[in-house]
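Taking the numbering used here, the leading residue of the sequence shown gets 224, the next gets one more, and so forth.
Scroll down for the structure; my scribbles are underneath it.
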Amino acid sequence: MLDFAIRVARDAGRILSDRFGTRIDISHKGAINLVTDVDLASERLIRDLIADHYPRHEVLAEEGGLGEMRSEYRWIIDPLDGTTNYAHGYPVFCVSIALEYRGETLLGVVYDPCRDELFTAERGAGAALNHKPIRVSETSDLMQSLLSTGFPYDIKTARLTNLDHWSNFAMNAQALRRDGAAALDMCYVACGRFDGFWELNLSAWDMAAGALIVREAGGRVSDFSGNEFSHYKPEVIASNGLIHAPMIEVLAMSESRKQQGL
Ligand code: IPD
Ligand code: CA
Ligand code: CA
């Protein structure tokens, strides 16, 4: 099934790279939340391939939601993670595919067609970049860490916006990045390019594959309080493990979280 997922991610990635920089149809799901005809074409292809090979499996994908089939196997798909980047011609985006069995993630594949980088993991079998094993970084000092995050699409109206976390981390880390594709952010933690990542209000399709890849690369994934991670819950910290506790401390500084009793 990992080989199948890799094939599907590469095929979908080809759609993204073929259409990149050409005329695309853009519509709005919200004030700043875009969807393009390329998101839809990529998702169509992935759903069709799964339906051909595993017709009884369940599919949860960003644009079409949960399909009609019910099964203990669930494919969780982001057909284009980084849509805003894509629509602006900023070459940071990917396809993310995970497979869950009875609620446990069995495998994750994230493919970046711009760099031809394929991140993969199988539960209990480690993580890889282009089929070579990867490991998280060894940075143990938050002040020496490169961190990444993102901002939710409801930033203009939500009470919890991530802006206070951003400024708290800016004062407590070496540097921060906001690259605009959460699945790739997590893979960059897995291969040691980033030391840590945090975000709120993500969805299962943004995190399912990336979280397994981080864990299988020796990293740690939790919610903002250090509790067990679920890709169905909105908070995620993914780190090399060594800076996890200090990241939790910085997240606890947030005044807006305290006001919400979190
Ligand atoms: C978005 C990206 C972004 C994150 C957003 C996500 P999309 O996914 O992963 O980095 O900050 O919260 O929704 O919409 O490009 O698939
Ligand atoms: Ca996404
Ligand atoms: Ca998407």
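By construction, the Cβ of each residue, glycine as well, lies at the ideal position given by its N, Cα and C atoms.
Where the alpha helix (DSSP H) containing residue i begins and where it ends
i	result
TYR411	405-413
HIS280	From DSSP, HIS280 is part of no alpha helix (DSSP H); its letter is neither H nor E.
SER479	478-482
LEU386	386-395
Where residue i sits in the DSSP three-state scheme
i	result
TYR296	strand
GLY433	helix
THR362	coil
SER228	A small fix is needed here, since residue 228 is Ala in this sequence, not Ser. Reduced to three states, the DSSP call for ALA228 is helix.
PRO314	coil
LEU352	strand
ILE255	coil
GLU291	coil
ARG242	helix
ARG233	helix
Residue span of the beta strand (DSSP E) that contains residue i, given as start and end
i	result
LEU322	317-324
PHE342	340-345
THR380	Per DSSP, THR380 belongs to no beta strand (DSSP E) and is neither H nor E.
LEU272	LEU272 -> not in any beta strand (DSSP E); alpha helix (DSSP H) instead, spanning 260-276.
ALA440	Careful: ALA440 lies outside any beta strand (DSSP E) and carries neither H nor E.
LEU208	Since the displayed the chain opens at 224 and closes at 485, residue 208 lies outside it and no answer follows.
LEU474	Per DSSP, LEU474 belongs to no beta strand (DSSP E); it is in the alpha helix (DSSP H), 467-474.
LEU370	369-371
Bridge-paired residues (DSSP) for residue i
i	result
TRP514	The structure shown does not extend to residue 514, since the chain is modelled only from 224 through 485, so no value can be given for it.
GLU327	TYR324
ASP304	CYS317
GLU451	SER445
ASP335	GLU340
ILE249	THR259
### Query
For ligand 2, which residues have a Cβ under 5 Å from at least one heavy atom, in chain order?
ASP301, ASP304 and ASP429
### Message
Count Cβ pairs between the stretch 397-414 and the stretch 368-375 that sit closer than 8 Å; are there 3 or more?
### Response
yes
### Task
Pair every Cβ in the stretch 347-362 with every Cβ in the stretch 457-466, then say whether three or more of these pairs are closer than 8 Å.
yes
### Cβ contact check for the stretch 381-392 and the stretch 269-283: 3 or more pairs under 8 Å
no
### Query
Counting pairs of Cβ atoms below 8 Å between the stretch 339-352 and the stretch 390-400, do you hit three or more?
no
### Query
Contact between the stretch 324-333 and the stretch 432-443: three or more CB pairs below 8 Å?
yes
### Query
Touch check for the stretch 270-288 and the stretch 236-246: three-plus C-beta pairs under 8 Å?
no
### Query
Given 8 Å as the limit, is there contact between the stretch 476-485 and the stretch 312-323, that is, 3 or more CB pairs closer than that?
no
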